[in-house]
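Worksheet for the structure shown next.
Numbering (the numbering used here), first residue to last: 211 to 539.
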């Protein structure tokens, strides 16, 4: 740990005030969303992965602000900074996980998309571990602050690219799934994707500028980076709550299709050529039976073609699976 150049007293005071203001803002955000959190807690086990990521993001941000504020005057600055770094990356990891889960759900868990999402998340975790180990701390006017940021810059760039790629895949997947426009779901997901991408660019851009300039002051750098991560947590959890509430409302009103255009579905039933296991009819041994529990020769029993706003699904091997709302949460 190094001693930084002693800054002006008003600079340190401004940093401390900004950190306390962040604590107040996030406490208000945390308390105002407690009713929704209680609803999530009442879910039967096992909880969906998105619920775990949501709570992890909320409590990581709360702990980060508390550690940043109460770390003033600590005797072990390096430990405090490493804890703060861990919480910073906890927010980034959980928000990226929420984005990845949504992207995989939109693509109905296509193996290629799932593989890319796992690779993106694991790369973020690996870079976070490196940054925590290589963390550098300084102490100025009794305030513990982040030291040099060069080891953390690659991880910020990596997290930005991972989030943007996942959000882009989500938007591309939504563009090909206009059949999920019921009750405005398509518009909600599309709008949230654009908002999250804007937040990611704004937050990560702010972090990169602070890290690259690095000459403002260690105290102000710490306050600004904490503000950026808290802003990311607020944006990610608010988007998640909107989606949770939408799906919960749809589940409680499954017949409400006021926002959906009438759709016409053409359904054809093809018989399955089957070979009965025991009985034979007149020695032929073959019959057409759509419900026979025997050897199916691969003919689709039902093919649905939608002529509404959706893209429709056929019996071909490239047809996309239908998206269930519960997959999004």
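Heads up, the beta-carbon is just placed ideally off N, CA and C, and yes, glycines get one too.
Residue range of the alpha helix (DSSP H) that includes residue 338
321-343
Whether residue 274 touches residue 297 by CB criterion (8 Å):
yes
Under DSSP, the beta strand (DSSP E) around residue 355 begins and ends at which residues?
353-356
Compute the Euclidean distance between the alpha carbons of residue 251 and residue 373, then round it to the nearest angstrom.
27 Å
Nearest-angstrom Cα distance between residue 383 and residue 223?
48 Å
When burial is assigned at 16 or more other CB atoms within 10 Å of the CB, is residue 385 buried or exposed?
exposed
Using only alpha-carbon positions, find the residue among 267, 260, 245, 271 that is nearest to residue 235.
271
Please classify residue 244 as buried or exposed, where buried requires at least 16 neighbouring CB atoms within 10 angstroms.
exposed
Of the residues 440, 327, 266, which one's Cα is nearest the Cα of residue 371?
327
Considering only their Cβ atoms, is the gap separating residue 334 from residue 369 smaller than 8 Å?
yes
Alpha carbon to alpha carbon, what distance is there between residue 259 and residue 322?
19 Å
If you draw a straight line from the alpha carbon of residue 428 to that of residue 290, how long is it in whole angstroms?
14 Å
Looking at residue 304: is its Cβ nearer than 8 Å to the Cβ of residue 267?
yes
Look up residue 318 in the DSSP assignment and say whether it is helix, strand or coil.
In the structure shown, residue 318 sits in coil (DSSP, three-state: anything other than H, G, I, E or B).
Closest Cα partner of residue 164 within the set 263, 365, 237, 253
Outside the modelled stretch of the chain, which goes from 211 to 539, sits residue 164, for which no answer is possible.
Exposed or buried, which one is residue 339 when buried takes at least 16 other CB atoms within 10 Å?
exposed
Check for me: the alpha helix (DSSP H) holding residue 386 runs from which residue to which?
First-last for residue 386: undefined, no H or E at that position.
Can you have a look at residue 286 and say buried or exposed, based on whether 16 or more other CB atoms are within 10 angstroms of its CB?
So residue 286 counts as exposed.
Mind checking residue 227: buried by the 16 CB within 10 Å criterion, or exposed?
exposed
When DSSP labels each residue in this structure, what does residue 290 get in the three-state scheme?
helix
Quick one: what's got a C-beta closer than 7 Å to residue 307's C-beta in the same chain, skipping five residues either side?
263, 331
Please state whether DSSP places residue 266 in a helix, a strand or coil.
helix
Looking at the secondary structure, which residues open and close the alpha helix (DSSP H) in which residue 245 lies?
244-251
For residue 319, does the count of other Cβ atoms within 10 angstroms reach 16, so buried, or fall short, so exposed?
With fewer than 16 neighbouring CB atoms inside 10 Å of its own CB, residue 319 falls in the exposed class.
Could you check which residue in 232, 276, 239 has the C-alpha nearest to that of residue 446?
239
Which class does residue 361 belong to by DSSP, given the choice of helix, strand or coil?
helix
Nearest-angstrom Cα distance between residue 293 and residue 443?
17 Å
What does the alpha-carbon distance come out to for the pair residue 355 and residue 408?
28 Å
Using alpha carbons as the reference points, say which of 450, 453, 456, 431 lies closest to residue 278.
Residue 278 has its Cα closest to that of 431, out of 450, 453, 456, 431.
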